[in-house]
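Numbering-wise, the numbering used here comes out as the position in the sequence shown, counting from 1, plus 1. By construction, the Cβ of each residue, glycine as well, lies at the ideal position given by its N, Cα and C atoms.
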Amino acid sequence: MKVLVVGAGYAGTLAANRLVKKVKGAEVTLVNPRPEFVERVRLHQRVAGSAEAARPLRSMLRDGVEVRVGEAEKASEGTLVLAGGDTLPYDHLLLAVGSTARPLPGTVPVGTWEGAGRARAALAALPAGARVTVV
2 MKVLVVGAGY AGTLAANRLV KKVKGAEVTL VNPRPEFVER VRLHQRVAGS AEAARPLRSM
62 LRDGVEVRVG EAEKASEGTL VLAGGDTLPY DHLLLAVGST ARPLPGTVPV GTWEGAGRAR
122 AALAALPAGA RVTVV
């Protein structure tokens, strides 16, 4: 039985690990846009420059979970298409892609790895003494 888990946040990582442990014979593949596990609750530390808030994804997974770095573009019956055209067959598909908030005008959202990087760059570009509001 081939199981694809799309998204390697807390839910996807936990699901992939649990499937490998509990379902005998399951071939579990975790699909994620990057090879790191991003701790969203620590993204503020990335913005501040005090920590990177990411670790190698492989270090978070049990043996038996295969990692495929890529962005899922389309799912159809039994096939997942990745950006670039590669396809992955599956018997079961688990979507654990998380969520993002809609940005407010004039803000720099930090709920994603990329957003935290943009916020860090925006802070670095401010003049000394500039005011910043964190919501």
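query	result
Cβ pair Leu174, Leu81 closer than 8 Å	The displayed coordinates of the chain run from 2 to 136. Any statement about residue 174 would go beyond what the structure contains.
Whole-angstrom C-beta distance between Thr14 and Met61, which should lie under 8 Å	5 Å
For Arg56: DSSP bridge partner residues	Phe38
Three-way DSSP call (helix, strand, coil) for Thr30 in this model	strand
Inter-residue Cα distance where the pair is Ala1 and Glu74	Since the displayed the chain opens at 2 and closes at 136, residue 1 lies outside it and no answer follows.
Separation of Ala17 from Gly10, as counted between CA atoms	11 Å
Burial state of Val136 (16 or more Cβ within 10 Å)	exposed
Where the beta strand (DSSP E) containing Thr88 begins and where it ends	Thr88 to Pro90
Neighbour-count burial assignment, Ala54, 16 or more Cβ in a 10 Å radius	buried
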